[in-house]
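Trainee: Residue numbers (the working numbering): 71 to 259. Beta carbons: idealized from backbone N, C-alpha and C, even for Gly. Remember, it's a predicted structure, so these values are computed and weren't measured experimentally.
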């Protein structure tokens, strides 16, 4: 298994539509304004956060967060250019980019250092072979202060690992429950 370079990422985006929309270089300014960078990097792709957010609230109908029986009223939906996450809380968002992961590729996501240095942790589970959709991003605010996430700017880096052999069963083959997701997708039992 090997990590893939910027050349490979550009080729896969162009030839196989691996991610759309696609930015072949690193973008650091938009309309003359500095942004948290996004686009192709040396060995990865920095994804952007869309302007759809689900902010966790403690005004819940139940008193337990249960992944097998999740109460969506635990979230407040927001569409905005930024999201303020309350102290010691979290929010869900999604990538601007839509992914189509090749059959012999595993994709790992890591948060950008700009957010990590502010106590904001980005968590995304691996994108398995033949998974497709918008990536749901989980932001944890580990600080005692409100934290801001910017829409349409870089939030995390995707690393692509190509195997020299294909797996027996892909995410698509087993009809994974998050296949083809669009929008911000909460937990599904």
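Entirely within the region 117 to 190 and at least 3 residues each: give me those beta strand (DSSP E) ranges in chain order.
Mentor: Segments of the beta strand (DSSP E) lying fully in the region 117 to 190: 122 to 126, 145 to 149, 152 to 155, 160 to 170, 175 to 181.
Trainee: Based on DSSP bridge pairs, tell me the residues matched to residue 72.
Mentor: Paired residues: 232.
Trainee: Just tell me which of 211, 139, 194, 79 has its CA closest to the CA of residue 204.
Mentor: Nearest option by C-alpha distance: 194.
Trainee: To which residues does DSSP link residue 110 through a beta bridge?
Mentor: Per DSSP, 115.
Trainee: Using a threshold of 7 Å, state whether the C-beta atoms of residue 223 and residue 105 are closer than that.
Mentor: Contact: yes.
Trainee: Answer yes or no: do residue 181 and residue 226 have a C-beta to C-beta separation smaller than 7 Å?
Mentor: Yes, the Cβ-Cβ distance between residue 181 and residue 226 is below 7 Å.
Trainee: Go ahead and pull the three-state DSSP assignment for residue 81.
Mentor: Helix, per DSSP.
Trainee: Measure the Cβ-Cβ separation of residue 111 and residue 98 and say whether it is below 7 Å.
Mentor: Cβ distance not < 7 Å, so residue 111 and residue 98 don't count as in contact.
Trainee: Using 8 Å as the Cβ pair cut-off and three pairs as the minimum, do the region 238 to 250 and the region 136 to 144 touch?
Mentor: With a cut-off of 8 Å, the region 136 to 144 and the region 238 to 250 do not count as touching, because too few Cβ pairs lie within range.
Trainee: In the DSSP assignment, find the beta strand (DSSP E) that holds residue 207 and state where it starts and stops.
Mentor: Where residue 207 is concerned, the enclosing beta strand (DSSP E) stretches over 202 to 211.
Trainee: With a cut-off of 8 Å, do at least 3 Cβ pairs link the region 197 to 217 to the region 80 to 88?
Mentor: As far as the Cβ criterion goes, the region 197 to 217 does not touch the region 80 to 88, which means the pair count is below three.
Trainee: Tell me which residues share the same chain as residue 230 and place their Cβ nearer than 6 Å to its Cβ, disregarding the 5 neighbours each side in the sequence.
Mentor: Excluding positions up to five away in sequence, the list reads 74, 175, 177.
Trainee: Cutting at 8 Å between CB atoms, please list the residues of its own chain near residue 113, excluding the five before and the five after it.
Mentor: Hits under 8 Å: 73, 74, 75, 76, 229.
Trainee: Look at the alpha carbon of residue 167 and the alpha carbon of residue 214, and state the distance between them as a whole number of angstroms.
Mentor: Each residue's alpha carbon lies about 31 Å from the other.
Trainee: Kindly identify the DSSP beta-bridge partner or partners of residue 197.
Mentor: For residue 197, which the question treats as bridged, DSSP gives the partners 177.
Trainee: Pull up the CB-CB distance for residue 118 and residue 165, whole angstroms please, since I reckon it's below 8 Å.
Mentor: Indeed, because the Cβ distance is near 7 Å, the residues count as touching under 8 Å.
Trainee: Could you round the C-beta distance between residue 172 and residue 82 to whole angstroms and report it? I think they count as a contact, below 8 Å.
Mentor: That pair is a contact at about 7 Å.
Trainee: For residue 256, tell me which candidate among 124, 109, 96 has the shortest Cα-Cα distance.
Mentor: The shortest Cα separation from residue 256 among 124, 109, 96 belongs to 124.
Trainee: Let me check understanding here. Comparing Cα to Cα, which of 179, 162, 78, 156 lies closest to residue 212?
Mentor: The residue with the shortest Cα to Cα distance from residue 212 is 156.
Trainee: Apart from the five residues just before and just after residue 247, which ones in its own chain have a Cβ nearer than 8 Å to its Cβ?
Mentor: Excluding sequence neighbours, residue 247 sits near 258.
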